[in-house]
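Okay, so here's the structure we're looking at.
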Amino acid sequence: MAHRLQTLFLTLLLILGLTVFPVFAEEDDGSWDGWNDNGWYDDLPEEETEPDEVIFPDVQPGSWYYKDVMALYDARVIDGFKDGTFQPESTVTTGQALKMILLAAGYGEPERVASHWARGYLNLALDEGILERGEITDLDVTILRSLVAKIAAKALHLERQSAENFFVDTTDDFTQALYEAGIINGYKDGTYLPGRTLTRAELSAIVHRIYTYREDQNTNDETSGENSDIQLRTTEKCVSLIKELEGFQEKPYWDYQQYSIGYGSACKEGEYPNGISREEADRLLRKYLQGFEKDLDAFLEKNNLRLSDNQYDALICFSYNLGSSWMKNTKLANLLIRGDYTENEFASAYGVWCHVGTDAQIHKGLITRRIRELQMFFDNDYTGSAANTFYYVIYTTDRGELETDVGLYRAGSYYDPLFSAECEGDTFLGWFTEDGVALTERDVAAGNVTVSAAWQNDYGGGFWDESGDYWP
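If you read the sequence shown in this note's numbering, its first letter stands for residue 4, the second for the next number, and so on.
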């Protein structure tokens, strides 16, 4: 209701010719009334120097959505299309909306699924109870505003607080909860238009508010527990290893998807203007570990699992690096629940978590970290000095889909499981190194290797036999 009073007041000022606010979006007559050209309400911008950085050629300084898009780009919530554009006027698909909302709400990158780039985000939403099965059956169709409201409200754990209806065309609890939190405002006629689609620019405005809301909540949570005692099951050996792997940074720095400080602990930009001491960083690290222990303990209790201290440490180290989303219906979680896995099955389930950025690039440093955690889990080795280590295989292809792109294997073991690839209209023949040597399940892991998929169409319909020889 406060927003509507503000709009009325602004309209009066415009009539009187006393406008004192900077122009944010212009109507056809050149005046500004707090609404963009599509009728979508935006809060008043802060008075500041116009930024001039251009990341996307179709998102220019001065456009009403520029600051929202740029903030989300800086936060690695969005990254645009392959041609370098953002396409702000295109309607949003269900897959795009899921990714933007979940990342902005603080959920980690989900396990990658070969069937569709956004399938992992849908699986995450289902596992977290944000969506019910059947609500989204196609990740490439446009999404309605009503479903955007539900996903956003449930992702942020928002509930309606007031019986008052803030929109004239919907009494939906999710929509009302988002309004109360200041995340949506709707249109100037008091409608939300739940049955309509929205553009990528409009969703960016909402998602930017989701991100800001979540950041503010995180700050409040950290402050409220500042003086509590920190007791951990995680051993001091593991704490020391995490410090070694993360390194110490006195000032905040950008760490792919968040700002971090100290020993890799998440923070807000500008939160520590004077930096942080090693003692403060140690306490902040332990506070985060305490939170991950709570998540891991709940996972273990739910599935009636017991872990040795070194296994527990390995999973805490893993969670501190990647978050707790792996505990929800991933290969790794399912193997732990099942219990009868081989070392290579478990190791390769770890291998899918070796990527950074919204474009999911393989990161060799994360592969090294996963191997250190595997040595901790299986060998009780916190130093990484054991001779019987693990090696990686990076799988690549110039077409189709990979079953996985990173596999980890115990040194001296067979390449089992050896993963596959598929491409519509072509037949996968096998894996080959740059030197043309075939990699099969009968080979023994003796070092790190990168292999490429071979396809039948490249060889005129011939085939490769089991020894790796080609027959035309």
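Where a beta carbon is used, it is the ideal one built from N, C-alpha and C, also for glycine.
- Beta-bridge analysis with DSSP links residue 441 to 435.
- In this structure, 159 is the residue among 250, 200, 237 and 159 with its C-alpha nearest to the C-alpha of residue 218.
- Taking C-beta separations shorter than 6 Å and ignoring five residues to either side along the sequence, the partners of residue 382 in its chain run 389, following chain order.
- Secondary structure of residue 153 (DSSP, three-state): helix.
- Residue pairing by DSSP puts residue 426 in a beta bridge opposite 429.
- Runs of the alpha helix (DSSP H) lying entirely within the segment 169-243 and spanning at least 4 residues, in chain order: 176-183 and 203-227.
- Nearest to residue 436 by C-alpha distance, out of 424, 99, 189 and 453, is 453.
- Counting the other Cβ atoms within 10 Å of the Cβ of residue 456 gives 16 or more, which makes it buried.
- For the pair residue 144 and residue 97, the CB atoms are nearer than the 9 Å cut-off.
- When only Cα atoms are considered, residue 238 and residue 316 end up about 7 Å apart.
- For residue 320, the three-state secondary structure derived from DSSP is helix.
- Cβ atoms of residue 368 and residue 378 stay farther apart than 8 Å, at about 16 Å.
- Counted as a single uninterrupted DSSP element, the beta strand (DSSP E) harbouring residue 265 occupies residues 262-265.
- In terms of Cα proximity to residue 273, the closest of 257, 460, 102 and 414 is 257.
- The Cβ atoms of residue 121 and residue 147 do not sit closer than 9 Å to each other.
- Each residue's CA atom was taken as its position, placing residue 89 and residue 95 some 11 Å apart.
- Taking C-alpha positions only, residue 99 is separated from residue 123 by approximately 12 Å.
- Between residue 195 and residue 215, the CB-CB gap reaches or exceeds 9 Å.
- DSSP, read as helix, strand or coil, puts residue 340 in helix.
- In the structure shown, residue 252 adopts extended strand secondary structure according to DSSP, grouped into three states.
- When secondary structure is reduced to three states using DSSP, residue 315 falls in the helix class.
- Leaving aside the five residues that flank residue 115 on each side, the residues in its chain whose CB is nearer than 7 Å to its CB run, in chain order, 123, 355 and 363.
- Around the CB of residue 308, fewer than 16 other CB atoms lie within 10 Å, so the residue is classed as exposed.
- Bridge partners of residue 358 according to DSSP: 365.
- In the structure shown, the three-state DSSP call for residue 163 is coil.
- The three-state secondary structure of residue 377, taken from DSSP, is helix.
- Residue 323 places its beta carbon less than 9 Å from that of residue 267.
- With respect to the C-alpha of residue 346, the residue from 320, 62, 199 and 414 having the closest C-alpha is 414.
- Taking a C-beta distance under 9 Å as the contact criterion, residue 197 and residue 149 qualify as a contact pair.
- Apart from sequence neighbours up to five positions away, the residues of its chain that approach residue 424 with a beta-carbon distance below 8 Å are 398, 400, 403, 404, 405, 406, 431 and 456, ordered along the chain.
- Residue 97 carries a helical assignment under DSSP once its states are collapsed to helix, strand and coil.
- In this structure, the alpha-carbon of residue 56 lies about 12 Å from that of residue 77.
- In the DSSP assignment, residue 275 falls outside any beta strand (DSSP E), carrying neither H nor E.
- By the CB criterion at 9 Å, residue 105 and residue 331 fall outside the cutoff.
- According to the DSSP secondary-structure assignment, residue 397 is paired through a beta bridge with 409 and 453.
- Across the set 286, 396, 271 and 140, the C-alpha of 286 shows the shortest separation from the C-alpha of residue 232.
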